[in-house]
Amino acid sequence: MNLEHSVSAHWQGGFDEPALERWAADLRSRLRAPEVSLGTVFMTPHLFPSAGQILELLRVHARVPLLIGCSSTGLIQGDSEIENSPGLVAGLYHLPGADLKAARFTGEQVEEADGPAYWHSAAGVNPESTNGWLVLADPFHLDCERWLRVWEEAWPGKPILGGLASGDPSQTTTQIYHDGEVFEDGGIALSVGGEVNLARLISQGCTPIGQTWTITRAEPNLIHEIGNRPAYEVLMETVSDLPPKVQARCRGNLFVGLVMNEYLDDFQRGDFLIRNILGADPASGSLVVGALPREGQTMQFQRRDSDAADEDLVALLEKADEELRDREILGGCLCCCNGRGKGLFGRPGHDAGKIQSRIGPFGLTGFFCNGEIGPVGGKNFLHGYTASLALFTRPKSG
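Here the sequence shown stands for residues 53 to 450, where the numbers follow the numbering used here.
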């Protein structure tokens, strides 16, 4: 691991002030850089009563000038995924040349905002001064879809990555952390500018089946015809052409992938926005989907299961390894759907382990989400069953 730029650690158990002081100081001593630019922290609900004290311990003893984080039922550190175990993870990042600014936002602001200028003023960030955003938000007291639309309008073309906090499944309470403060609503958005960029990998856990098609008749939420044929007929034909073992894995696991950028010469993984097939009507031949398809849009059916999710992540990591050949990874933050992890793959540490083995090692923290944020085809979306990886990168010297 490149200890000059990022380190991370896992604290297991409850609140113990003297021990946490030593743990935070030890984490700082492991970072060989002269200063910390950014800290991240993710905690389980067991630590909610002590969250404010823990934030102050990290700021003081790990010497963190800017700290962001949120709560989660599952934690990610290095190549490990720690599910259903009390504790916290923290990461320290040295990001030379970065211009970092954290902006707190609330549901009330989303309601009252009257355009991009409002958000530029509220966040103190203009469109030219940011390369992208890392965002952590509460899903229960915020209209996240609306927030994402207005945020993207304010900073068009900028990637927005991150996830929605999770907590005790029996309650609608999460926590958002900014420096020494604890919030139970809204979110925190970190603008990354200057000489550091946010590279991204958005693995939606699906593998394509069949060929690409053009939607020839559609209306909101409905696909009537594909290639001038009934959409249901095309779906059934696509599945019947698969090997019997693959057909069996498709039951209950079929999705639609919609291309977001039609100007590409070739459509590959990462170019499709994956959305649910909510229903089908064999009589009319129509499909009901969890999106707003349009006539002329390119689409491809998709399959989602553990094998498909593994295949998708590995293929995207191979692509990322090639694209990042001229860039140095300074650290990362991984936001994974709480439907992934051991429940999907049958073992812990799948996503984090694959990432570290393929493009690491580097300091990595993260959490299991109630929803993931990331761009597809140049536009930002909320996702499900997705791994959203944000990487702090800069050009390699020389």
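Ideal Cβ placement from N, Cα and C applies to all residues, glycine included. These figures come from a predicted structure and were not determined experimentally.
Mapping the DSSP letters down to three states, classify residue i as helix, strand or coil.
| i | result |
| --- | --- |
| residue 292 | helix |
| residue 342 | coil |
| residue 435 | strand |
| residue 261 | coil |
| residue 109 | helix |
| residue 117 | coil |
| residue 366 | helix |
| residue 402 | helix |
| residue 85 | coil |
| residue 301 | helix |
| residue 356 | strand |
| residue 100 | helix |
| residue 311 | strand |
| residue 395 | helix |
| residue 409 | helix |
| residue 90 | strand |
| residue 208 | coil |
| residue 316 | coil |
| residue 250 | strand |
| residue 200 | helix |
| residue 194 | coil |
Give me the DSSP bridge partner(s) of residue i.
| i | result |
| --- | --- |
| residue 187 | 214, 241 |
| residue 95 | 123, 140 |
| residue 333 | 338 |
| residue 14 | With the chain represented from 53 up to 450, any question about residue 14 goes unanswered, as that position is not in the structure. |
| residue 229 | 121, 234 |
| residue 62 | 141 |
| residue 428 | 431 |
| residue 281 | 278 |
| residue 255 | 439 |
| residue 419 | 127, 387 |
| residue 273 | Looking at the DSSP assignment, residue 273 forms no beta bridge with any residue, so it has no partner. |
| residue 380 | 446 |
| residue 321 | In the DSSP output, where bridge partners are listed per residue, residue 321 has none listed. |
| residue 348 | According to DSSP, residue 348 bridges with nothing at all. |
| residue 266 | 350 |
Within a Cβ cutoff of 8 Å, which residues of the same chain sit near residue i, ignoring the five residues on either side of it in sequence?
| i | result |
| --- | --- |
| residue 307 | 258, 326, 327, 328, 329, 353, 354, 355, 356 |
| residue 185 | 203, 207, 210, 211, 212, 213, 214, 241, 242, 243, 244, 250 |
| residue 378 | 447, 448 |
Answer with yes or no whether the minimum CB distance from residue i to chain C is below 8 Å.
| i | result |
| --- | --- |
| residue 252 | The chain labelled as chain C is not found in the depicted structure, where only one protein chain is given. |
Is it the case that the CB of residue i approaches a heavy atom of the ligand ADP more closely than 7 Å?
| i | result |
| --- | --- |
| residue 395 | Judged by which ligands are present, the structure shown has none, so any question about the ligand ADP falls away. |
Note down, in chain order, each residue of its chain lying with its Cβ closer than 7 Å to the Cβ of residue i, except the 5 sequence neighbours on either side.
| i | result |
| --- | --- |
| residue 83 | 55, 59, 144, 146 |
| residue 268 | 277, 278, 279, 280, 347 |
| residue 286 | 265, 278, 279 |
Below 6 Å CB to CB, which residues in the same chain sit around residue i once its five sequence neighbours on both sides are set aside?
| i | result |
| --- | --- |
| residue 335 | none |
| residue 133 | 393, 400, 401, 404 |
Mind the definition here: the segment 267 to 282 touches the segment 343 to 358 only if three or more C-beta pairs lie below 8 Å; say whether that holds.
Judged by Cβ distances under 8 Å, the segment 267 to 282 makes contact with the segment 343 to 358, as three or more pairs qualify.
List in chain order: all unbroken beta strand (DSSP E) runs of 3+ residues lying wholly within the segment 127 to 184.
Entirely contained in the segment 127 to 184, the beta strand (DSSP E) runs reaching 3 residues are, in chain order, 132 to 135, 139 to 145, 150 to 157.
Taking contact to mean 3 or more Cβ pairs, one atom from each stretch, closer than 8 Å, check whether the segment 88 to 96 and the segment 107 to 124 are in contact.
By the Cβ test, the segment 88 to 96 is in contact with the segment 107 to 124, since at least three Cβ pairs between them sit closer than 8 Å.
Can you find at least 3 beta carbon pairs, one from the segment 366 to 375 and one from the segment 330 to 339, that sit closer than 8 Å?
The segment 366 to 375 vs the segment 330 to 339: no contact.
For the 8 Å Cβ check, are there 3 or more pairs between the segment 68 to 81 and the segment 150 to 161?
Short answer: they don't touch.
Taking 8 Å as the cut-off, does the segment 215 to 224 touch the segment 417 to 425 (at least 3 CB pairs, one atom from each stretch)?
Contact between the segment 417 to 425 and the segment 215 to 224 is present, because at least three Cβ pairs lie under 8 Å.
Below 8 Å, how does it come out for the segment 114 to 129 and the segment 381 to 394: are there three or more Cβ pairs, yes or no?
Short answer: they touch.
Does the structure place the segment 401 to 418 close enough to the segment 280 to 295 that three or more beta carbon pairs sit under 8 Å?
As far as the Cβ criterion goes, the segment 280 to 295 does not touch the segment 401 to 418, which means the pair count is below three.
At least 3 beta-carbon pairs within less than 8 Å: the segment 179 to 198 vs the segment 156 to 168:
Enough Cβ pairs lie closer than 8 Å, so yes.
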